[in-house]
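Engineer:
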Amino acid sequence: MLKQIGNVQIQDQHRASCHCGAVVLEIHLPNGIPCPHRCDCSFCKRKGAIVAAVPAADIKVIQGEAALVKYQFGQHVAEHFFCGNCGIYTHHRRSTNPNEFGFNIGCLEGVNPYDLNDVPVADGGPWRSP
Ligand SMILES: [Zn+2]
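First residue of the sequence shown: 1, per UniProt numbering; consecutive thereafter.
1. Where do the ends of the alpha helix (DSSP H) carrying cysteine 44 lie?
2. Looking at cysteine 107 and ligand 1, is the gap between the Cβ and the nearest heavy atom below 6 Å?
3. Could you compute how far the alpha carbon of valine 119 sits from the alpha carbon of alanine 52?
4. Using only CA atoms, which one of Cys35, Asn85, Gly21, Ala78 lies nearest to leucine 2?
5. Pick from Gly6, Asp115, Val23: whose alpha carbon is nearest that of alanine 66?
Written as structure tokens, this is what we have:
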């Protein structure tokens, strides 16, 4: 669990936003951020975001639900959300565990994802990029 990234303390309810500010999430991270990683699936290798996952109940869209666009592929289990205005990926329902949502660490308020060193790459399973 990461309680801090760079000089930024992770809040119990940490906000995250897209680039234009239309979409705002509140993510319940009482113990910090679990296992930041990248994923090597065909979608994530294009997206390039560092992600972490929380139970679905711990992530709430508090602003801009209408601005979100959903993208699906493959077996249509995962739901990838991005802002339809600025194009930034904010969060997604995971294919490996649909009861969890992954989120974009680069969207967390105040957090510079480049302060993370050596982010592991997770196996994208059947969607692994060739
Ligand atoms: Zn936006």
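Heads up, the beta-carbon is just placed ideally off N, CA and C, and yes, glycines get one too.
Structural biologist: Put simply:
1. Taking the first residue of the sequence shown as position 1, residue 44 is located at position 44. 44–47 is the extent of the alpha helix (DSSP H) around cysteine 44.
2. As a first step, residue 107 is located in the sequence shown; it is residue number 107 there, counting from the start. Outside the cutoff, so no.
3. Within the sequence shown, residue 119 is the residue found at index 119, counting from 1. Within the sequence shown, residue 52 is the residue found at index 52, counting from 1. Rounded to whole angstroms, valine 119 to alanine 52 spans 11 Å at the Cα level.
4. Stepping through the sequence shown from its first residue, residue 2 is reached at position 2. Ranking the options by Cα distance to leucine 2, first place goes to Cys35.
5. Mapped onto the sequence shown, residue 66 falls at position 66. Of the candidates Gly6, Asp115, Val23, the one whose C-alpha sits nearest the C-alpha of alanine 66 is Val23.
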